[in-house]
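Undergrad:
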Amino acid sequence: MKLRNLLTVALATLLFACTNTNTKHVIISGTITNPKGDTVKIMMKDTSYITTLNEDAHFNISFNLDSATYLSFFHGEESTAMFLKGGESVNLTIDTELFDETIIYEGSSESSYLAKKYLLSEEANIYSQLFSTEKEEFITNLNTHIAKVEQELSIVNNEAFVTAEKENNVKMIEYYIEKIEAIANLPQIGEPAIDFTYPDKEGNEFSLSTFKGSLVYVDVWATWCGPCKAEIPALKTLEHDYHNNNITFLSVSVDTDKEAWLNMVADKQLGGVQLWANGWTEITKSYAINGIPRFMLFDTDGNVISLDAPRPSSEEIRGLIETNL
Numbered sequence: 000m001k002l003r004n005l006l007t008v009a010l011a012t013l014l015f016a017c018t019n020t021n022t023k024h025v026i027i028s029g030t031i032t033n034p035k036g037d038t039v040k041i042m043m044k045d046t047s048y049i050t051t052l053n054e055d056a057h058f059n060i061s062f063n064l065d066s067a068t069y070l071s072f073f074h075g076e077e078s079t080a081m082f083l084k085g086g087e088s089v090n091l092t093i094d095t096e097l098f099d100e101t102i103i104y105e106g107s108s109e110s111s112y113l114a115k116k117y118l119l120s121e122e123a124n125i126y127s128q129l130f131s132t133e134k135e136e137f138i139t140n141l142n143t144h145i146a147k148v149e150q151e152l153s154i155v156n157n158e159a160f161v162t163a164e165k166e167n168n169v170k171m172i173e174y175y176i177e178k179i180e181a182i183a184n185l186p187q188i189g190e191p192a193i194d195f196t197y198p199d200k201e202g203n204e205f206s207l208s209t210f211k212g213s214l215v216y217v218d219v220w221a222t223w224c225g226p227c228k229a230e231i232p233a234l235k236t237l238e239h240d241y242h243n244n245n246i247t248f249l250s251v252s253v254d255t256d257k258e259a260w261l262n263m264v265a266d267k268q269l270g271g272v273q274l275w276a277n278g279w280t281e282i283t284k285s286y287a288i289n290g291i292p293r294f295m296l297f298d299t300d301g302n303v304i305s306l307d308a309p310r311p312s313s314e315e316i317r318g319l320i321e322t323n324l
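Sequential numbering of the sequence shown, starting at 0, is according to numbering that gives the first Met the number 0.
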C-alpha cells in the first residue's frame, strides 16, 4: 500500500483500545523478496523501530508491548498495517513486486485480516470514486466494499478486535457519506459561496460574507503543513503587490493548537485577515477539503470563481486575480 494511501489505516485505528497491565515481549520477523532498500521500519503511535535486512533479506525486530495495538510496517515506499498483542511472535513474507497481494502473516490472524482488508481497499479505490461517481452509485459501491471486508473478519477469533473493526467500518461509511454529500452540494462557478465564520487572533468573528464587495482569496492552511508554509513568501508578495486593489487575502488555519497558530502569525508577520478554524471544521466540510493548502477565489458578489485556485507561487494566480478585479 503506497504511503500516500494511508487514509484507511488511520480510520482503522479510531476506536480500538485494549488495556493490558503486563508488558510483554513481541517479535516481528520476516523475509522480503525483491527488496527496495536495506531497512524495514515498524511504527506505532510515537514510537518507531528500524532494523537492517541481512544478506538473505531477512529481518527481526523485538520490543516490549504494553497493550494490544495497531502498527504500521514500512519498506521502501510501501506500507501495510499490523495488529499485535503482547507475547506474540509474527512472521511475514512479502514480494515488493506485488506488495499487498503477496503479504503473508504467520502468528496473527488480526494482521492477516488487515492485509486482506487493505488489498480490498486498494482494489475498490473508494476514495477516488468520491470524485468520479454519482452519489447513489458511490454509496452502493461503498456498502458492497464494506460487506466484503467484514466477510474477512471470519478468520479472526479476537472478539474485541472484531467489534472494534465493525465500529470502524461504520465510522468509515459515515466519513465517506459526509464527503460525497459535501461534494454533491459544492457551489459551481458563478454560484453563491457557502459562508463560514471564525475568530481572528483578538477573538473578533469574521465571515466570508463580511468581505462581500471585494475579491476574496482564501488560503486554508496549518502550521504543521510543510507545503502550506512553503507558500507563505509568495503569498506575502502577492498581498504586497495587490495591497491597493479591491481584494482581501483571507487565511483560515485548521490548527487545533491555537498557540502554535498565534505564534506563527506573529513570527512570520502574516498579513491579510488571519482566522482560526480550530481543526477540520465548517470550512473543510462545506468545501470537501481533504488536503491543504487549499486556495479559493470568490468574486465581489460572494460568488465562486474557483474552489481550487492556483497557489500564490504559481504563474496563473495573478492573471486570474486581474481578470476578476
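We put the CB at the ideal spot given by N, CA and C, even for glycine.
#1: Report the residue from LEU118, MET42, LYS165 whose alpha carbon sits nearest the alpha carbon of LEU97.
#2: Would you report the Cα separation of ASP99 and ILE93, rounded to the nearest angstrom?
#3: Keeping to the same chain, check which residues put their C-beta closer than 8 Å to that of GLY189; ignore five residues upstream and five downstream.
#4: How should ILE316 be labelled, buried or exposed, when 16 other C-beta atoms within 10 angstroms of its C-beta is the threshold for buried?
#5: Based on DSSP bridge pairs, tell me the residues matched to ALA80.
#6: For GLU204, count neighbouring Cβ atoms within 10 angstroms of its own Cβ and tell me buried if that reaches 16, exposed if not.
#7: Do you know how far the Cα of SER66 is from the Cα of VAL25?
#8: Taking the alpha-carbon of THR322 as reference, which of ASP298, ARG310, ASP307, PHE62 has the nearest alpha-carbon?
#9: What does the alpha-carbon distance come out to for the pair SER88 and PHE160?
#10: With DSSP run on the structure shown, which of helix, strand or coil describes ASP240?
#11: Let me confirm a value: LEU324 is counted as buried when at least 16 other C-beta atoms fall within 10 Å, else exposed. Which label applies?
#12: Given a cut-off of 8 Å on the beta-carbon distance, is the pair TYR286 and LEU185 in contact?
#13: Give the straight-line distance between the Cα atoms of SER78 and VAL219, rounded to the nearest whole angstrom.
#14: Grouping DSSP H, G and I as helix and E and B as strand, with all else coil, what is ASP99?
#15: At a cut of 8 Å, does the segment 133-141 reach the segment 100-116 through at least three beta carbon pairs?
#16: Taking the alpha helix (DSSP H) that LYS165 belongs to, which residues open and close that run?
#17: What did DSSP end up calling ASN245 once you bin it into helix, strand or coil?
#18: I need the DSSP call for THR299, collapsed to helix, strand or coil.
#19: Could you check the C-alpha separation between SER28 and ASN53 for me, to the nearest Å?
#20: Could you tell me the alpha carbon to alpha carbon distance between GLU249 and THR50, rounded to whole angstroms?
#21: At a cut of 8 Å, does the segment 253-272 reach the segment 149-168 through at least three beta carbon pairs?
#22: Rounded to the nearest angstrom, what separates THR20 and ASN63 at their Cα positions?
#23: In chain order, what residues of the same chain lie with their CB nearer than 7 Å to the CB of GLY75, ignoring the 5 residues before and after it?
#24: Can you give the Cα-Cα distance for ALA80 and MET171, rounded to whole angstroms?
#25: With a 10 Å radius around its C-beta and 16 neighbouring C-beta atoms as the bar for buried, classify ILE154 as buried or exposed.
#26: Quick one: grab the DSSP three-state call for VAL215.
#27: Can you give me the start and stop residues for the alpha helix (DSSP H) that PRO198 sits inside?
TA: Concretely, from the data shown:
#1: Out of LEU118, MET42, LYS165, LEU118 has the C-alpha closest to the C-alpha of LEU97.
#2: Rounded to the nearest angstrom, the two C-alpha atoms are 8 Å apart.
#3: The answer, listed in chain order, is ASN302, VAL303.
#4: By the neighbour-count definition (other C-beta atoms within 10 Å, threshold 16), ILE316 is a buried residue.
#5: Answer is SER71.
#6: Exposed, by the Cβ-count rule.
#7: If you take the alpha carbons of VAL25 and SER66, they lie about 11 Å apart.
#8: For the residues ASP298, ARG310, ASP307, PHE62, the minimum Cα distance to THR322 belongs to ASP298.
#9: So the alpha carbons of these two residues sit roughly 18 Å apart.
#10: The answer is helix: DSSP assigns ASP240 an H, G or I state.
#11: Classification of LEU324: exposed, given that the 10 Å Cβ count is below 16.
#12: Yes, they are a contact pair.
#13: Distance between the alpha carbons of SER78 and VAL219: 29 Å.
#14: Helix at ASP99.
#15: Not touching, per the Cβ criterion.
#16: Here the alpha helix (DSSP H) through LYS165 covers 158-183.
#17: Residue state, collapsed to three classes: coil.
#18: THR299 falls in the coil class under three-state DSSP.
#19: Spanning the two alpha carbons is a distance of roughly 12 Å.
#20: Before going on, a small fix: residue 249 reads as Leu here, not Glu. Cα-Cα distance, rounded: 46 Å.
#21: No contact exists between the segment 253-272 and the segment 149-168.
#22: The predicted model places THR20 with a pLDDT of 38, which falls under 50 and marks its position as unreliable, so this point remains unresolved.
#23: Cβ-Cβ distances below 7 Å link GLY75 to LYS35, GLY36, THR95 in the same chain, with the five nearest sequence neighbours on each side left out; the list follows chain order.
#24: Those two C-alpha atoms are separated by around 17 Å.
#25: Exposed is the call here.
#26: DSSP, read as helix, strand or coil, puts VAL215 in strand.
#27: It is not in any alpha helix (DSSP H) - PRO198 instead sits in the beta strand (DSSP E) that spans 196-198.
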